[in-house]
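Chemist:
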Amino acid sequence: MNTKTFLKTALGCCIAATLYGCGSDDKDDVINTAKVSFSIADAPVENAQEVNVTYKSITLTREDEEDIELLLTNEEGEETPVQINLLDYQNGDSLLVLSEAELPIGEYKELIINTDGCAENNGPNQPTDACNVVDDEGTHPLKTPSNKLKLGSFTVTTEATQAYTIDFNLRKSLVETGNGYNLKPHGVTIVDSEAIGSIFGSVDENLFAAGENCEADTGNVVYLYPQATLAEGEVLGDEFDPELANAPDNVVAPLASKMIEVGEESGIYTYSFNFIPAGEYLMAFSCSAVNDDPETYDEITIADPAEQVKESITLAEGENLEIDFVEIVQ
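In the numbering used here, the protein residues as written are -10 to 319.
1. Between the C-alpha atoms of L84 and V224, what's the straight-line distance to the nearest angstrom?
2. Within its chain, find whatever has a CB closer than 7 Å to the CB of K16; leave out the 5 residues flanking it on each side and keep chain order.
3. Please classify I257: is it buried, with 16 or more other beta-carbons within 10 angstroms of its beta-carbon, or exposed?
4. Would F197 pass as a contact of C276 if the rule is Cβ separation under 7 Å?
5. Run through DSSP, which three-state label would E331 get?
6. Rounded to the nearest angstrom, what separates P237 and I57 at their Cα positions?
7. With distances taken between CB atoms, is the gap from E99 to T133 smaller than 7 Å?
8. Taking the straight line between their C-alpha atoms, what separation do you get for L87 and E201?
9. Could you check how far apart the C-beta atoms of Y97 and I29 are, in whole angstroms? I think they sit under 8 Å.
10. Please report how far the alpha carbon of P130 lies from the alpha carbon of D118, in whole angstroms.
11. For E126 and K137, I'd like the C-alpha separation in whole angstroms.
12. Tell me whether the region 216 to 231 and the region 283 to 290 touch, counting them as touching only if at least three CB pairs, one residue from each stretch, are closer than 8 Å.
13. Quick one: give me the first and last residue of the alpha helix (DSSP H) that L159 is part of.
14. Buried or exposed: which applies to G252, given that a residue is buried once 16 or more other Cβ atoms fall within 10 Å of its Cβ?
15. Just to confirm the assignment, what range does the beta strand (DSSP E) spanning F189 have?
16. Specify the secondary structure class of D31 as computed by DSSP and reduced to three states.
17. Smallest Cα separation from T154: which of T166, E300, L140?
18. Give me the residue from D105, G81, G169 with the minimum Cα distance to S135.
19. Would you kindly work out how many angstroms separate the C-alpha atoms of G268 and E311, rounded to a whole number?
20. If you draw a straight line from the alpha carbon of A278 to that of T146, how long is it in whole angstroms?
21. Throw me the rounded Cβ distance for the P243 and V180 pair, which I believe falls under 8 Å.
22. Quick one: is the Cβ of F264 within less than 6 Å of any heavy atom of the ligand MN?
23. Give the straight-line distance between the Cα atoms of A234 and P70, rounded to the nearest whole angstrom.
24. Select from D31, K24, L271 the residue whose C-alpha is nearest the C-alpha of A292.
25. Should L75 and D31 be called a contact, given that it needs their Cβ atoms to be closer than 7 Å?
26. Going by other Cβ atoms of all chains shown within 10 Å of its Cβ, with 16 needed for buried, is I317 buried or exposed?
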């Protein structure tokens, strides 16, 4: 995995002084802060060449404490919003956006990414300079609710230096609308960069038309699920937003999904899941996932063919695990 550095920030004594004093000579002082870095990464999405978002800051919220806002700065230390094309950081690449910010140790309720100029993009004639999506039909407005992406919780521990990756799964979070696109927090996760691995592999092209309603050149997707096996009565689900409550209770939502890609030189069809927390997983391939809407449960057949399921996958920290999907000849 490659990490590129572009933006840096340092809170220095702003936070630390309130906790143990800057320049203190008291050897008995208790260290109540740790240095934390944040990077941004993305997973590929079909039908888009660019997904440009302008970021201003990151806000961290705590229980019964004041919020902490980390402003993005350039290499000269000047506070400035910065536009990032999320599709520049795929397949294990990431962009370091905040480096070694000194934060109080403890539990953080929420990490909020503050965008700049995205909320105004709510019509076909609105400006698209700050936030936009470029696809085959042109440049379209990209909107985030209230210029904020509210993500989940995380913990700052007593370790000297910690690193987190904000992982955008655009197959979940990028939603097409009548006026452009919305970028939703669903599908954007915070992962501990030291406790992750990757799963990758090849897919036999004979599987692409092996299902009853499959076409060889479209709809070929690998799904990753956050459990080792299926319980009795459970069904593997396609992408959907659980907040919309449009899927039956027995449907297992995928953690992530990836369209199959073909190597330009090798001609081999592959997939890869990166920034995946260590744990137990199940995977499945479907050749009939051509109309997988990120918000709505579409009842796509997974697996398709039915035997293309991989259960009881164990991913260790730092592991790059290869899982191939091959045709099973009866």
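Here a beta-carbon is modelled for each residue, glycine too, at the ideal position from N, C-alpha and C.
Modeler: Considering the structure as presented:
1. 36 Å
2. Low per-residue confidence applies at K16: pLDDT is 48, beneath 50, and the placement is therefore not dependable enough to give any value.
3. exposed
4. yes
5. Coverage of the chain is limited to positions -10 through 319, which leaves residue 331 absent and any answer about it impossible.
6. 39 Å
7. no
8. 49 Å
9. Not quite, the Cβ-Cβ distance comes to about 18 Å (not below 8 Å), so this is no contact.
10. 9 Å
11. 27 Å
12. yes
13. 159 to 162
14. exposed
15. 185 to 191
16. strand
17. L140
18. D105
19. 15 Å
20. 41 Å
21. In fact, because the Cβ distance is near 16 Å, the residues do not count as touching under 8 Å.
22. The ligand MN is absent from the structure shown, which contains no ligand whatsoever.
23. 36 Å
24. L271
25. yes
26. exposed
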